[in-house]
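Asks: Once you've had a glance at the structure underneath, I'll fire off some questions.
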Amino acid sequence: MANVLDYIDWRGDLSFEASPVNEIDKYIFAVIGKPDYTGIIPADCTSVSIRAAVGGYFERYPDAEKLGLIASAFTLPVLKKLALSPRYRSVRLSNFINKVIAEDTEQFSALTVHVEGVNYISFRGTDDSIVGWKENCELAVKDSVPAQRDALAYLVETAGCCEGPIVVCGHSKGGNLAIYAASNAPVEIQDRITEVYSYDGPGFMADFLDSEGYLRMESRITTMVPYKSIVGVLLNQAGDLQVIQAEEAGVVGHDGLTWNVTRDGFVRAPELSDVSKFFRTSMAETLNEMGTEDKGELVEEIFEALTSTGAVNLSEFPDQTLRQMLEVANNFRKSDEVRSFVGKMAEKSIKQAKSTFEAFLDLNKKDSAAADAPDEEKEEKGDA
């Protein structure tokens with residue numbers, strides 16, 4: 198079925214006046230900022246066009262094909278299409294920021310997209326850095342992480358130099374940052390926010406969803422997750438949860454550029470897949486059984502193992518020697534926290550599989566009993 202690349206081909210020649218911004222455009226605005234545009238897009242409210250920004254990026258990185266080991270393979274091809282498209286090439290970009298601070302477990306990046314008088318504040322998700330993925334995991338451990346506080350500061354500062362309505366959005370961790378920033382912004386900024394979008398972003402601790410700031414914004418928050426979501430069903434989801442049809446699972450399914458589209462929107466699925474529901478339930482039960490200290494130790498153990506070879510980015514792992522990779526595996530094997538977590542997840546999986554099988558057998562027994570019932574009994578049930 199068609200995806201976002203097809204949509205750009207279909208609608209790329211139409212102006213926003215002829216065909217107003219829709220939810221697919223908003224997703225595109227949420228992922229425009231995935232590359233590092235440092236020195237290309239201004240860090241202040243001075244803006245440049247998408248065409249200039251993309252041209253500057255490929256001038257700097259002429260051989261770029263992908264942004265990281267698990268990054269979308271479609272991001273750079275989409276950017277090239279946008280730069281050539283009459284619909285997008287004049288869209289303005291400003292306020293770009295990108296920082297990774299290993300000692301603070303901090304990875305944050307954002308930019309602002311200006312379209313038809315509206316400011317789309319776009320938070321990037323987790324990049325290829327191990328630091329970024331560690332910070333992502335700490336969402337399940339801490340009340341707030343550095344990137345969330347960065348996102349709030351960015352929203353406040355950008356709102357101060359950009360007039361007009363604001364839409365806050367982000368993909369993956371960026372979606373979590375969008376909701377966090379909008380929910381914690383001063384009331385006068387919240388009043389300017391018309392919509393908040395999280396695209397397959399992880400959720401929040403239960404206390405966050407009871408906060409006054411979140412409750413003021415709740416009716417304006419939309420969370421979109423693919424049919425086979427794994428990332429987007431972690432923790433407690435915020436706002437209106439909408440499930441999008443997508444054939445792919447795992448890392449590929451997490452990429453919204455692969456989700457199914459029509460000419461003006463994403464294709465809805467009636468509910469999450471059974472696998473996604475099972476993962477959400479099992480992960481929630483397992484994490485709820487662990488104390489905050491245990492979860493923190495689990496995160497530390499995992500990322501100490503990942504960095505034991507000196508790797509900084511996930512994309513470095515294919516280049517690691519066999520000896521180094523065995524060292525990582527051995528560190529995982531020795532970790533009590535990792536073994537305990539995997540054991541609990543396996544136990545949940547076995548219980549769920551057993552429950553599903555028993556339900557299947559019970560259903561078969563009922564069907565068999567109904568089939569073996571005398572004809573007059575079937576007629577009585579049919580007349581009832």
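Just so we're aligned, residue 198 is where the sequence shown starts under my numbering, counting upward by one.
All residues carry an ideal CB built from backbone N, CA and C; glycine is no exception.
Excluding the five sequence neighbours on either side, which residues of its own chain have a C-beta within less than 8 Å of the C-beta of serine 212, listed in chain order?
Replies: So the qualifying residues of the chain are Pro283, Arg284.
Asks: What first and last residue would you give for the beta strand (DSSP E) that runs through glutamate 354?
Replies: Note, glutamate 354: premise wrong, no beta strand (DSSP E); alpha helix (DSSP H) at 343 to 358.
Asks: Can you name, in chain order, every residue of its own chain whose Cβ lies under 6 Å from the Cβ of glutamate 392, other than the five neighbours on each side?
Replies: Closer than 6 Å at the Cβ level, and outside the excluded window around glutamate 392, lie Val364, Arg417.
Asks: Buried or exposed: which applies to isoleucine 376, given that a residue is buried once 16 or more other Cβ atoms fall within 10 Å of its Cβ?
Replies: Answer is buried; the Cβ neighbour count reaches 16.
Asks: Leaving aside the five residues before and after alanine 261 along the sequence, list all residues of the same chain whose C-beta is less than 7 Å from its C-beta, in chain order.
Replies: These residues qualify, in order along the chain: Phe255, Leu273.
Asks: So, helix, strand or coil for serine 326, using DSSP?
Replies: Because serine 326 sits at a pLDDT of 49, beneath the cut-off of 50, its placement in the model cannot be relied upon, and the following sentence gives the value as read from the coordinates. Three-state DSSP puts serine 326 in a strand.
Asks: Is serine 269 near leucine 454, with beta carbons less than 8 Å apart?
Replies: Yes, the pair counts as a contact, with Cβ atoms nearer than the cut-off.
Asks: Check this for me: beta carbons of methionine 414 and isoleucine 390, under 8 Å apart or not?
Replies: Their beta carbons are under 8 Å apart, which means methionine 414 touches isoleucine 390 by this criterion.
Asks: Beta-carbon within less than 8 Å of aspartate 241's beta-carbon, same chain only, minus the 5 sequence neighbours each way: which residues are those?
Replies: The residues are Ser291, Asn292, Cys358.
Asks: Helix, strand or coil for glutamate 303? Go by DSSP, reduced to three states.
Replies: Reduced to three states, the DSSP call for glutamate 303 is strand.
Asks: Would you kindly report the start and end of the unbroken alpha helix (DSSP H) that includes methionine 480?
Replies: Unbroken alpha helix (DSSP H) run through methionine 480: 471 to 485.
Asks: Indicate the three-state DSSP secondary structure (helix, strand or coil) for threonine 455 in the structure shown.
Replies: Helix.
Asks: Under a Cβ-count criterion, where at least 16 other Cβ atoms within 10 Å of its own Cβ denotes burial, should serine 380 be classed as buried or exposed?
Replies: So serine 380 ends up on the buried side.
Asks: Once the 5 residues before and after leucine 412 are set aside, which same chain residues still bring their CB inside 6 Å of it?
Replies: So no residue of the chain qualifies.
Asks: Measure how close the beta-carbons of alanine 382 and valine 353 come, nearest whole angstrom, since I'm counting them as under 8 Å.
Replies: Going by Cβ atoms, the distance from alanine 382 to valine 353 rounds to 6 Å, so yes, they are a contact pair.
Asks: Given this structure, state the Cα-to-Cα distance separating arginine 321 from alanine 446, to the nearest angstrom.
Replies: Computed Cα separation, rounded: 21 Å.
Asks: Please determine if the stretch 392 to 407 and the stretch 433 to 449 are in contact, where contact requires at least 3 C-beta pairs separated by less than 8 Å.
Replies: Judged by Cβ distances under 8 Å, the stretch 392 to 407 makes contact with the stretch 433 to 449, as three or more pairs qualify.
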